[in-house]
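These notes concern the structure reproduced below.
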Amino acid sequence: AQTVTKFKKIKPRVANFSSFYDRKNMLIDKGIFIFFPKPNSYTGDDVVEFHIHGSNAVIKYFLKTLSNFKNCRLAKPGEFTKTAFLNKKINLLQAESLIDLINSETELQRIQALKVMNEDTTKVYTDLRDQMIKILSDYEAVIDFSDDEVGDNVFLNNRNKLLKINDKIKEIILKGENSEKIREGFKISIIGPTNSGKSSLINCLSNRQVSIVSNVPGTTRDIIETSIMINGKLVRFSDTAGFRNSKNIVEKKGIALTNKNLNDSDLKLIIFDHTKKIDKKILKLFDSKSILVLNKIDIKSSNKFLEDKIYKPIRISAKKNIGISNLVKTISKKIDDHFTVNEDNIISRQRHIKSLENTTFFIERCLNKKTIDQIDLAAEDLRLAVRNLGEVVGYVNVEELLDRIFKDFCIGK
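Residue 426 is where the sequence shown ends in my numbering, and the numbering goes up by one at each step.
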């Protein structure tokens with residue numbers, strides 16, 4: 014910083030206006046720099062921030078100049094946040110929440126990321142873990158200083174405590190069961206016979222052409238996805254290959270992909286051309302998480318759909334943009350009906366749920382040991398429960414997780 018700015022002394026945590034020079038004393042730019050000495054910086058190491066003009070030419074030359082200094086190189090994606098984690102400035106839960114906040118597209122995603130990032134959330138997990146460690150220390154004391162009467166009392170006194178801890182963790186899991194859907198988006202598959210208007214509908218919903226629209230049956234053979242916002246929720250639509258008996262190998266693979274996509278979907282839009290006969294095989298896919306859509310209502314038809322009370326079809330014309338707003342409202346209501354978003358949720362990822370489920374598994378296995386002669390086995394189960402709970406905030410060895418988590422960051426975070 015002193016070489017680039019020509020400042021002999023730099024005051025910490027002060028915005029300094031300066032000219033910036035390369036190693037040949039050629040002016041690069043003028044701007045502001047701030048020095049944050051360790052440990053009072055984001056990473057816990059010495060940090061200098063340079064605020065320069067944002068043109069590509071200035072940025073590239075400035076980075077090139079800095080990279081030519083000894084022991085200087087460009088940071089890897091997420092390296093600043095990884096350093097902050099390794100220096101114990103933040104925990105793993107907060108690091109994950111930061112990337113979720115940076116990537117948030119909806120208000121729900123933003124709120125969830127901030128909620129999980131909050132210190133109070135970390136305290137919930139650390140308090141539970143501390144309680145479990147205290148019980149574990151009681152068990153280990155009995156193992157080291159064996160006394161049958163004391164041991165029985167330890168089991169009795171700690172059983173209710175463990176039951177309460179287990180109930181609390183299960184409550185956290187229950188409240189966070191839809192957190193991954195908020196972060197990743199609700200998945201909706203658009204399915205139906207070939208040429209029923211699936212591609213036209215997905216283009217209409219996204220307000221742009223993402224699928225090829227053609228009168229040739231079987232045009233869509235790959236899964237085509239697009240994302241839109243519906244009442245503050247991120248919804249990911251998949252335009253799938255149409256169902257029909259086909260001898261074409263590529264089209265058959267597309268239909269196989271459709272079947273797999275259905276298993277991963279949260280909701281289904283089953284779309285039929287209302288001018289044609291309803292395919293009963295496809296209609297059998299209808300369930301409580303399905304919306305039936307009759308398309309092409311701009312074309313007159315003598316067909317009658319007699320089971321309106323059961324299927325409650327939404328009538329639209331994707332081509333003429335008729336009935337689309339009603340369909341969007343129905344989708345939003347369906348999501349609200351089936352996927353409760355809990356404001357007290359403190360989970361944001363599937364790995365959190367997995368670690369918590371493992372924690373309850375080992376707690377319950379520990380609780381099944383009810384006699385003093387099983388106390389060493391109970392202690393081992395509780396030790397595994399503590400370990401799994403610690404994985405949520407990164408209190409145990411999580412080296413294998415780090416690269417996977419921090420690679421999602423952009424450079425400079």
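Glycine residues also receive a C-beta, built at the ideal position from the N, C-alpha and C atoms.
Original post:
Three or more beta-carbon pairs under 8 angstroms between the segment 213–220 and the segment 395–406, yes or no?
Top reply: No: fewer than three Cβ pairs fall under 8 angstroms.
**OP:** Mark residue 27 as exposed unless 16 or more other C-beta atoms lie within 10 angstroms of its C-beta, in which case mark it buried.
**Re:** exposed
Subject >> Whole alpha helix (DSSP H) elements within the segment 347–417, 4-residue minimum >> reply: 363–380, 388–406
Subject >> Inter-residue Cα distance where the pair is residue 212 and residue 363 >> reply: Across the structure, residue 212 and residue 363 are spaced so that their CA atoms are roughly 31 angstroms apart.
Original post:
Assuming residue 299 contacts residue 283 under a Cβ cut-off of 8 angstroms, what Cβ separation, rounded to an integer in Å, is found between them?
Top reply: Residue 299 to residue 283, Cβ: 6 angstroms. Contact.
**OP:** Could you check the C-alpha separation between residue 139 and residue 174 for me, to the nearest Å?
**Re:** Roughly 16 angstroms between the two C-alpha positions.
Original post:
Is residue 15 near residue 21, with beta carbons less than 9 angstroms apart?
Top reply: yes
Original post:
Taking DSSP as the reference, what is the three-state secondary structure of residue 253?
Top reply: In the structure shown, residue 253 sits in coil (DSSP, three-state: anything other than H, G, I, E or B).
Original post:
Using a Cβ-Cβ cut-off of 6 angstroms (strictly less than) and excluding sequence neighbours within five positions of residue 102, which residues of its own chain qualify?
Top reply: Cβ within range, chain order: 57.
Original post:
Going by other Cβ atoms of all chains shown within 10 Å of its Cβ, with 16 needed for buried, is residue 53 buried or exposed?
Top reply: exposed
Subject >> Sequence-distant residues of its chain with Cβ nearer than 6 angstroms to residue 402 (five each side left out) >> reply: 142, 372
**OP:** Would you list the one or two residues that DSSP bridges to residue 239?
**Re:** Residue pairing by DSSP places residue 239 opposite 250 in a beta bridge.
Original post:
What are the start and end residues of each continuous beta strand (DSSP E) run of 3 or more residues lying completely inside the segment 15–55, in chain order?
Top reply: 29–34, 40–49
Subject >> residue 59 and residue 51 closer than 9 angstroms at C-beta >> reply: yes
Subject >> Segment contact, 8 angstroms Cβ cut-off, at least three pairs: the segment 241–251 with the segment 287–302 >> reply: no
Original post:
Do residue 378 and the ligand SAM come close, with the Cβ less than 8 angstroms from some heavy atom?
Top reply: The ligand content of the structure shown is nil, which means the ligand SAM is not present either.
Subject >> 8 angstroms contact criterion, which residue 359 and residue 185 should meet: CB distance rounded >> reply: 6 angstroms
Subject >> Proximity to residue 388 [Cα-Cα], best of 100, 109, 151, 353 >> reply: 151
Original post:
By DSSP, does residue 314 sit in helix, in strand, or in coil?
Top reply: coil
Original post:
What do you get for residue 192, buried or exposed, if any count of 16 or more other CB atoms within 10 angstroms of its CB means buried?
Top reply: buried
Original post:
Skipping 5 residues on each side, what residues in its chain have a beta carbon closer than 8 angstroms to that of residue 369?
Top reply: The residues 182, 185, 186, 360, 401, 402, 405, in chain order, have a CB closer than 8 angstroms to that of residue 369 in the same chain once the five nearest residues on each side in sequence are set aside.
**OP:** Can you have a look at residue 89 and say buried or exposed, based on whether 16 or more other CB atoms are within 10 angstroms of its CB?
**Re:** Its Cβ having fewer than 16 others within 10 Å, residue 89 is exposed.
Original post:
If you check the beta carbons only, do residue 286 and residue 305 fall under 9 angstroms apart?
Top reply: no
Original post:
Any idea which residues DSSP pairs residue 62 with across the strands?
Top reply: 47
Original post:
Could you check where the alpha helix (DSSP H) with residue 300 kicks off and where it finishes?
Top reply: That residue, residue 300, is in no alpha helix (DSSP H); it is neither H nor E in DSSP.
**OP:** Compute the Euclidean distance between the alpha carbons of residue 419 and residue 109, then round it to the nearest angstrom.
**Re:** 8 angstroms
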